[in-house]
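So the sequence lines, in the order shown, correspond to chains A and B. Here the first sequence stands for residues 2 to 544, where the numbers follow the working numbering. Here the second sequence stands for residues -1 to 340, where the numbers follow the working numbering. Glycine included, C-beta positions come from ideal geometry on N, C-alpha and C. Accompanying notes for the structure given below.
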Amino acid sequence: MTWRVRRYVFVGVLILFIIVVGSITYYYVSTPPTTRQRVVVYAYNDRITGIDPSIEDDTGLVIIGLVYEQLLRYNPLTNKLEPVLAVAWNSSEDGTEWVFRLREGVVFHDGTPLNATAVKLSIERARDVYRETGRGAGYIWEAVTDVEVVDEYTIKIKLEYPQRLDLLVAATYAAYIFSPKALSSSGASSYLDKKLESWFNSGNEAGSGPYTIEYYRPDSEVRLKKFDKWWGWSLVNNTRAPDYVIVKILPDPQSQYNGLISGEIDIASSVPRDYVSLLLSKGFKVHNLTSYHNYLLFFNVRRYPTNITEFRKAIACSLNLEEAVKLAMKGFGLRGSGIVPHGFPGFTEGLYYECGLSEAMQYLNESGVQLPVRIELLYQVDYEETRIFAEMLQSRLKDLNIDLVLNPQPWSQLKEIAKGVWENPDESPHLVIADWWPTIPSPYDYLYTMFHSDSKEWNFAGYEDEEFEELIDRAWELEGTNYSEALNLYKEAQVKLFNEAVGINLWDEVRPFIHNARVELPDECMNPLYMYVIYFQYVRVGT
Amino acid sequence: MPISLNYLLKRTAWIFLVVVGVVIFSYMAIILSPGDPAVKWAGNPRGPNASLAIELARRELGLDKPLFIQVIKFVADVFTGNIGLSIAYKIPVFDVIMRRLVATLELLFVTYLIAIPLGVFLGIRSAIHRNGRLDTVLQSLGTVLANTPTFWLGAWLFLTLVLLGAYPYGRVDPKIATSTGFHPITGFYLIDSLIEGNLLVFTNVLSKIIPPAIAISIYPLGVLIRLTRALASDALLEDYIRASVAWGVSRSVIIWRYALKAITPGLVQVIGLAFAYSLVDAMAVEYVVFGREGLGSLLVDSLNYSDFRLAVGLVIVVAVFYLLVNTLTDIIQALIDPKVRL
């Protein structure tokens, strides 16, 4: 065979090989899996920061909420509590002693039955880790003096002062019950042993929820498997619940959009808001969740000129929040009123600034601030909505002869700069935009954390006011005995913040969860208190 | 033996010194930049004791010590293999990096499976047709490829495929992987799927790896076309090649056996350098454009989260990778080229 002939043979074989491999690839890639298992891919927009049920206080909730359960769960529609691991509960008249009756027949994923000892261990661990190290949301148990095991299925919790403990056991964080077997599985000598935390954060779990963790990669993907022995399957009566849930970490909204279009993703938590109507026109569906996640504008009350109330009010008047919601949030938000978001206990209607540029000018004159003046706004660099808002505000303040300098920063840098208001107020920005979502269904969560002088890590305004602090501290204590009076005090506190223009709730986010037609998301599968958790036991999936 | 003990000792000492330098420089650069790792390590605490949590975290991370003590301790931790847990993910830094490194290496292997044979083949064709029309076309192509921004080509390729209805995003379709029970063993998904006999996953992984591999391969491809041409042109003018022609040795034997053998040491050297360079290219393209997990996204994440352990760990990995590839290239050259002694 000559060299030329061999060359043609070689090229022919190569072409044939490419055709065969290409055909096989096309066949397999274009053919959906023949398995009957129901797999759902949920695109989540942030990395998982940990899954320790007692300590995690951040994005790990999206997994913890499916793997673990609390004693009760808060229903935002009825403003009532619903039984989960506890079936009955009551408190003493003075609100300092609570008894919870546990559900019988519940087993943890490791096969251990739920009992009062597990509840005691879970509460004490969250509380004591917090007391020892300040980590986690264990402060919700701060008033707990004793957790007493009355019998196998009854637990009595004694408090130092009256509290709505039924609300606290339904908290977003630090209220999850885990199996005591986790201690021996992790080799920990006590519940404060670091080994237990490492064991949890390595992808192990000891929950009782409807899903177990099969595969854990906090930076890219977490695979959850249906727990067939979950006590609630007969109650939810959903034969079409997913067998597997894949939480895919996709921080880029455009990637979530592409994933939906290609069919690799079933539910997207964060597509570009501009694309929602386009997706709806393509046959996708939307589940709008009015969340408790809100965006606040803080004024540095310790630095000139934002230390002058009239100057702050001038800026407040220059904001057009209806327009901001339309432009920055593309309509997916509700204009803020007061500090506490819509639908949350303590929400107060009418606490927004209904004034315009002429009133703003008037306030400026009253403030005595010499114009032009330059002030700085700090906001998070990766939030598109805050960038748009910041540019809007910059343009509006220009009309008032106020030069607004924009300072976008990543979150960790933002926080470090913003909390500097306590030590170096004159070097801290005049305005800061930060977002918040609650841990407990109480206005105290928002008001204490962001405006109490003891909360120097999150009070970016540098606000310190005895009257305000007394109001909210009293309300917090009253929650246990006179809830309606407590709510009144919280409203009073918000009116005070409003009158002094210390901080403004810009908007409460409405989050569009987009999903394909294969998946049905009933209302009960989402809850604004447990942000981003989709209760997949209620989700119905086609094969 | 063409490799002396002296060379190995010198190279090891050099690697050691470079790693120490890299650790010191990168640690200081990250620690002195804005952002407080202690806040993240404490879990962004919200409660009344948040300041205590951050203070304890700072102590636990050793950030309360003077900078030079921090640096010394960190260097010691690196060399005792005890960098610790990632601040962002709370899992061992080594585990996070290895998983991502494997993903990036898999992509690079496929990249070079495309670039080496194609680059060498086209370079030799160019040399055979020296100064002809084909040579001009191939040389121009090589120049264009070597100078095309990988990021731009990757984005263009990705968008085109998306418009065509494909979705070359990520490493594997999670639904296919889960429903077929795919469990990675080595972390190289192409190999794992073959080991498990999971053809569905194999083809899916292949369909997702080829577009980024094409994008990254353009630089080594362009370089190889031009370099192979230059080396082969010289080799084809050597006396022993002329003698072979005179002796009637077949053309294919002369080109693919004699000439290729002669130019291999030079090619190995260039491939080594290009491979190390492609690591950076892969880091830029794999996640930002194709959404593949790899070292690139990890570096961005680690900086965003002030995760200095992860960031320094990554810089070490990249530095060691460069040094190892260069050392390996030298060794291979010494083994195949009798003129080279180390």
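Simplified DSSP state of residue i, which is helix, strand or coil
i, result
"A/Trp477", "helix"
"A/Glu149", "strand"
"A/Ser92", "strand"
"B/Leu162", "coil"
"A/Gln38", "coil"
"A/Lys159", "strand"
"A/Lys286", "strand"
"A/Val433", "strand"
"A/Glu324", "helix"
"A/Arg519", "coil"
"A/Trp508", "strand"
"B/Arg57", "helix"
"B/Glu194", "coil"
"A/Gln257", "helix"
"B/Asn202", "helix"
"A/Phe299", "strand"
"A/Asp524", "helix"
"A/Ser292", "strand"
"A/Phe179", "coil"
"B/Arg97", "helix"
"B/Ile183", "coil"
"A/Asn489", "helix"
"B/Leu312", "helix"
"B/Leu322", "helix"
"A/Trp438", "coil"
Within 9 Å, strictly: CB atoms of residue i and residue j
i, j, result
"A/Arg48", "A/Pro273", "no"
"A/Asp58", "A/Leu197", "no"
"A/Pro77", "A/Pro529", "yes"
"A/Arg304", "A/His431", "yes"
"B/Ser177", "A/Tyr245", "yes"
"A/Leu298", "A/Phe514", "no"
"A/Asp68", "A/Tyr192", "Correcting the residue type first, residue 68 of chain A is Val in the shown sequence and not Asp. No."
"B/Ile122", "B/Ile253", "yes"
Buried versus exposed, by CB contacts within 10 Å (16 or more), residue i
i, result
"B/Arg128", "exposed"
"A/Met2", "Reliability fails at A/Met2, whose pLDDT of 49 lies under 50, so the model's placement of it is uncertain and the value that follows must be treated cautiously. When all chains shown are included, A/Met2 counts as exposed."
"B/Thr102", "buried"
"B/Tyr285", "buried"
"A/Asp147", "exposed"
"B/Leu3", "exposed"
"A/Trp231", "buried"
"A/Tyr28", "Any answer about A/Tyr28 is weak, because its pLDDT of 48 lies below 50 and its placement is not dependable; what the coordinates show is given next. With fewer than 16 other Cβ atoms within 10 Å, it is exposed."
"B/Pro32", "exposed"
"B/Asp305", "buried"
"B/Met96", "exposed"
"A/Leu279", "exposed"
"B/Ile80", "It is worth fixing the name first, because residue 80 of chain B is Asn in this sequence and not Ile. Exposed is the call here."
Sequence-distant residues of the same chain with beta carbon closer than 8 Å to residue i, five excluded per side
i, result
"A/Thr440", "Asp58, Ala138, Ile141, Ala172, Thr173, Tyr174, Ala175, Asp446"
"A/Glu323", "Arg336"
"B/Tyr320", "Ala274, Leu277"
"A/Asp167", "Leu73, Leu82, Trp90, Ser92, Trp99"
"B/Ala425", "No statement about residue 425 of chain B is possible, as the shown extent of chain B runs from -1 to 340 and does not include it."
"A/Val406", "Arg375, Ile376, Glu377, Leu378"
"A/Pro426", "Asn301, Arg303, Arg304, Gly463"
Close-in-space but distant-in-sequence residues of the same chain around residue i (CB under 6 Å, 5 per side omitted)
i, result
"B/Ser300", "Leu308, Ala309"
"B/Val268", "Leu225"
"B/Ile13", "Leu321"
"A/Arg104", "Leu86, Val88"
Neighbourhood of residue i by C-beta, 7 Å cutoff - its chain only, sequence neighbours within 5 removed
i, result
"A/Val145", "Ile124, Arg128, Ile158, Leu160"
"B/Ile212", "Ile112, Leu155"
"A/Phe499", "Gly339, Leu352"
"B/Val37", "Ile52"
"A/Asn402", "Leu372, Pro373"
"A/Gly106", "Trp232"
Report task. Return the residues of the stretch 126 to 142 of chain A that lie within a Cβ-Cβ distance of less than 7 Å from chain B, sorted by chain order. Result -> Tyr131, Thr134, Gly135, Arg136, Gly137, Ala138, Tyr140
Query raised in the report: At a Cβ cut of 7 Å, what residues of the stretch 107 to 133 of chain B count as close to chain A, listed as they run along the chain?
Result: none
Query raised in the report: Between the stretch 153 to 187 of chain A and chain B, which residues of the former have a C-beta closer than 8 Å to a C-beta of the latter?
Result: none
Query raised in the report: Listed in chain order, which residues of the stretch 163 to 176 of chain B have Cβ atoms closer than 7 Å to some Cβ of chain A?
Result: Tyr165, Tyr167, Asp171, Pro172, Lys173, Ile174, Thr176
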